[in-house]
Each structure stands twice: as C-alpha cells, then as structure tokens.
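> Residue numbers (this note's numbering): 12 to 335.
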Amino acid sequence: MTLSIKEIQVPIADEMKAFEHKFRQFMKSDVMLLDQIMNYIVRRKGKQLRPMFVFLSAGVCGEISESTYRGGALIELLHTATLVHDDVVDDSNYRRGFFSVNALWKNKIAVLVGDYLLSRGLLLSVDHQEFDILKIVSTAVRELSEGELLQIEKARRLDINEEVYYQIIKQKTASLIASCCAVGASSVGAGADIVKRMHAFGEKVGMAFQIKDDLFDYGEDEIGKPLGIDIKEKKMTLPLIYALNHAGWLEKRKIINIIRNESHKPKKVNEVIAFVKDSGGLRYAQEVMQRYVEEAHELLYEFVDSPHRRSLEQLVQYTIERSK
12 MTLSIKEIQV PIADEMKAFE HKFRQFMKSD VMLLDQIMNY IVRRKGKQLR PMFVFLSAGV
72 CGEISESTYR GGALIELLHT ATLVHDDVVD DSNYRRGFFS VNALWKNKIA VLVGDYLLSR
132 GLLLSVDHQE FDILKIVSTA VRELSEGELL QIEKARRLDI NEEVYYQIIK QKTASLIASC
192 CAVGASSVGA GADIVKRMHA FGEKVGMAFQ IKDDLFDYGE DEIGKPLGID IKEKKMTLPL
252 IYALNHAGWL EKRKIINIIR NESHKPKKVN EVIAFVKDSG GLRYAQEVMQ RYVEEAHELL
312 YEFVDSPHRR SLEQLVQYTI ERSK
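#1: I'd like to know whether the C-beta atoms of CYS192 and MET209 end up nearer to each other than 7 Å.
#2: Is the segment 157 to 176 touching the segment 197 to 211, taking contact as three or more C-beta pairs under 8 Å?
#3: Buried or exposed: ILE234, going by 16 or more other Cβ atoms within 10 Å of its Cβ?
#4: Contact defined as beta carbons within less than 8 Å: I believe PHE66 pairs with ILE23. What is the distance between those atoms, to the nearest angstrom?
#5: Looking only at its chain, what residues have a beta carbon closer than 6 Å to the beta carbon of ILE16, apart from the 5 residues adjacent to it on each side?
#6: Residue ranges of each alpha helix (DSSP H) run of no fewer than 4 residues wholly in the segment 221 to 293, ordered along the chain?
#7: Is the number of C-beta pairs between the segment 30 to 44 and the segment 288 to 302 that are closer than 8 Å three or more?
#8: So, are the CB atoms of ALA307 and PHE212 less than 7 Å apart?
#9: Going by Cα to Cα distance, which pick from ASP46, ALA254 and LEU226 is closest to ASP241?
#10: Leaving out the 5 sequence neighbours to the left and right, which residues in its chain are closer than 8 Å to GLN178 when beta-carbon positions are compared?
#11: Count the other CB atoms, across all protein chains shown, that sit within 10 Å of the CB of MET300; report buried if there are 16 or more and exposed otherwise.
#12: Using CA atoms only, rank isn't needed, just tell me which of VAL53, GLY73, LEU44 and ASN50 is closest to SER317.
#13: Given this structure, state the Cα-to-Cα distance separating LEU128 from LYS28, to the nearest angstrom.
#14: In the structure shown, what three-state DSSP assignment does ASP170 receive?
#15: Can you tell which of MET247, LEU261 and GLY132 has its C-alpha closest to the C-alpha of VAL148?
#16: I'd like to check one pair, ALA121 with VAL152: are the Cβ atoms closer than 7 Å?
#17: One question on the structure: do VAL283 and ILE266 come within less than 7 Å of each other, judged by their Cβ atoms?
#18: What three-state label does DSSP hand GLY70 in the structure shown?
#19: By the three-class DSSP mapping on this structure, what secondary structure does ALA201 have?
#20: Alpha helix (DSSP H) containing PHE30: first to last residue?
#21: Would you tell me roughly how many angstroms separate the C-alpha atoms of GLU244 and GLU305, rounded to the nearest one?
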C-alpha cells in the first residue's frame, strides 16, 4: 500500500512548513494586482512534489540549509512561470481544477506574471551568488521548452519512434525532477560527482513519472486525466508507439489516420485505446516504467541509509503508484 504524502514528508515536515512561509515571501510584490495574483497561485499549489525532492535529496547528501530553501523556491518560481505561459499557449482555462491565471486576468497579464516569476527566481539566485544552482535550474527550463517544441513538431507528422519519445520525456519532464535532486545536493555543498549522481537519479524518476502519466490516458486508473486526452491532442506516447510498431501495415495506417483526422470523435478515440490495450502497449509501458524505477533505486542505494533516503525511496514509489 502506497504511503500518503504526509507520511513520506515526516523527515522534512518542519522544513516543508517553513518553506511554505518563505516561498510566499519570495513571491511578494508591491504592486497590488501582482500580489493578488501571487496569493492566488500560492493558494492553489499542488502536492509540492518538487520541493520534496529538493529537501529529501539535500537531507540524503548533507545538512539542509538556507540555500536549500532558495533552491526549492527557484525551481517552484521558474516552473510556475512555465505553467502560466503554457496555459496562455494552450488557451487553457483550468489548472489543477482551478481557473488558470489567463482565464481570470486575460493573456496579457498572464504573460507578464510569468515574466515576473521568472525574474524573481533568477534574482533569488543572483542576489545570493548561487550560480551553480541557477545553472542547474536554467538548464532544466531550456530542456523543458525544447522538449515541448519537439513534441509539437513531431505531433504534426506523427513520426515519433521510441528513441524520440524518450528524448521528449527526458527533456519535458525528467529534466525538472533531475534538477530538483541536483539542486538539493548542490545546496548542501555536495561535490560535483554527488550532484551528478543525484541528477541521474532524478532523471530516472522523471522518466518513470511521465510514463505513468501516459498510462492514465488509457484508463489505467479511475481518477487520472480525462480518458484519451493525449490521443485527441495527437501526442504519440509509449503505449501507442509500441502498439503501432507491432501492428500490420494496414492496421497501422488505419490507426494513424484516426489520430490525424478523427481524434475529435470519442468513438474513434475508444477504438485507438482498445487497439493499444489489445496490442500489449500498456504492459510494455509498465515494464519500461518499472525498469526506470529499479535503475533509480540502484543509484539511491549508493547513499548511506537514513530517514531521508527511505522517504526519497517512498516518494519514488508514490510517483508510479499515484492515481492522478
């Protein structure tokens, strides 16, 4: 049975509580409208998995410090900036069940809010001369943007193979979790080799995390994202790629035609979902996901056993057993 977030947080419970207060301070502005929007963003925060990865990784590698709080805040600020901009690009009115910033305050303000968050994060590191941490996170944001653009480019042609898929999710999702773990290690003064090892660990976890997300598209769990949303958006994910690779020429052409021209029809989307399930696509994706988890565990077990390491191991398990 999967532990709850609260149970996993036990070794860093005090730090997470302090982080919430510090993060609010980092986001404050003298401009009333901006401060109002910042408060709205803070109130609708999610499970805070990213700061958890930062603090637990820091605890595995040394003593949590003020630099750890700033590192966690930097990741949250830059990631939130990308989400605000994403909602504008996607013309999305909701984020985690709440109205998005652009839905409430329109696109122009949302873009400026994203820019503000980005600058706050950059200055947080520059003001404290934490350039190693800034480099880790800035690299992740660059990779995230490249991964999103690569996925959009490939969705137009529907020519994603497994190798390209792994490249996309490595940049789009894994880079951010990898940066959380590397920042945690760097914030406590760990050497370059340790920071690199924690980055590799986070990357493996991130790969597994995204494959889990892709499985939700096929109703692998009752409460995930809406069924078939990736298919409707013409995203080629691992279960579908595997199924197409093992289909006959005629069937492959038929499924690609549905995705390209009929993905707006629920009946046709269900046809694709059934095709993927019957082809063993879900089972294959689950096996790949589990392999990444095992590789992450191997890297984690190189560190000394501690409450932080055990919680980090539990957090890895949580990411692949979560229901949404």
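All C-beta atoms, glycine included, are put in the ideal place defined by N, C-alpha and C.
Looking at the atomic coordinates:
#1: Here the question's residue 192 lines up with position 181 in the sequence shown. Here the question's residue 209 lines up with position 198 in the sequence shown. Yes, they are a contact pair.
#2: no
#3: As a position in the sequence shown, residue 234 is number 223, starting the count at 1. At ILE234 the pLDDT is 41, less than 50, meaning the model places this residue with poor confidence and gives no usable figure here.
#4: Along the sequence shown, read from residue 1 onward, the residue named residue 66 stands at position 55. Along the sequence shown, read from residue 1 onward, the residue named residue 23 stands at position 12. Indeed they touch by this definition, with Cβ atoms about 4 Å apart.
#5: As a first step, residue 16 is located in the sequence shown; it is residue number 5 there, counting from the start. Here the set comprises LYS58.
#6: 240 to 243, 249 to 256, 260 to 272 and 277 to 289
#7: No, the segment 30 to 44 does not touch the segment 288 to 302.
#8: Within the sequence shown, numbered from 1, the residue matching residue 307 stands at position 296. Within the sequence shown, numbered from 1, the residue matching residue 212 stands at position 201. Taking 7 Å as the Cβ cut-off, ALA307 and PHE212 qualify as a contacting pair.
#9: Counted from its first residue, the sequence shown places residue 241 at position 230. Nearest of ASP46, ALA254 and LEU226 to ASP241, Cα basis: LEU226.
#10: As a working note, residue 178 is residue 167 in the sequence shown. Cβ neighbours of GLN178 beyond the five flanking positions: GLY158 and LEU161.
#11: The count along the sequence shown starts at 1 and reaches residue 300 at position 289. Answer is buried; the Cβ neighbour count reaches 16.
#12: As a first step, residue 317 must be located in the sequence shown, where it is residue number 306. Comparing Cα-Cα distances from SER317 to each of VAL53, GLY73, LEU44 and ASN50, the minimum goes to GLY73.
#13: Translated into the one-based positions of the sequence shown, residue 128 becomes position 117. Translated into the one-based positions of the sequence shown, residue 28 becomes position 17. When rounded, the distance between both Cα atoms is 21 Å.
#14: Translated into positions along the sequence shown, residue 170 becomes position 159. Per DSSP, reduced to three states, the secondary structure at ASP170 is coil, with no helix or strand assignment.
#15: What you label residue 148 is simply residue 137 of the sequence shown in a count that begins at 1. Here the closest residue by C-alpha is GLY132.
#16: To locate residue 152, count along the sequence shown from 1; it is residue 141. To locate residue 121, count along the sequence shown from 1; it is residue 110. No, these two residues do not count as a Cβ contact at 7 Å.
#17: Position 272 of the sequence shown, counted from the start, is the residue given in the question as residue 283. Position 255 of the sequence shown, counted from the start, is the residue given in the question as residue 266. Cβ distance < 7 Å, so VAL283 and ILE266 count as in contact.
#18: Numbered from 1 along the sequence shown, position 59 holds the residue referred to as residue 70. Helix, per DSSP.
#19: By one-based count along the sequence shown, residue 201 stands at place 190. DSSP places ALA201 in coil when its eight states are reduced to three.
#20: Position 19 of the sequence shown, counted from the start, is the residue given in the question as residue 30. Its alpha helix (DSSP H) spans residues 24 to 38.
#21: For this step, residue 244 is matched to residue 233 along the sequence shown. For this step, residue 305 is matched to residue 294 along the sequence shown. Rounded to whole angstroms, GLU244 to GLU305 spans 31 Å at the Cα level.
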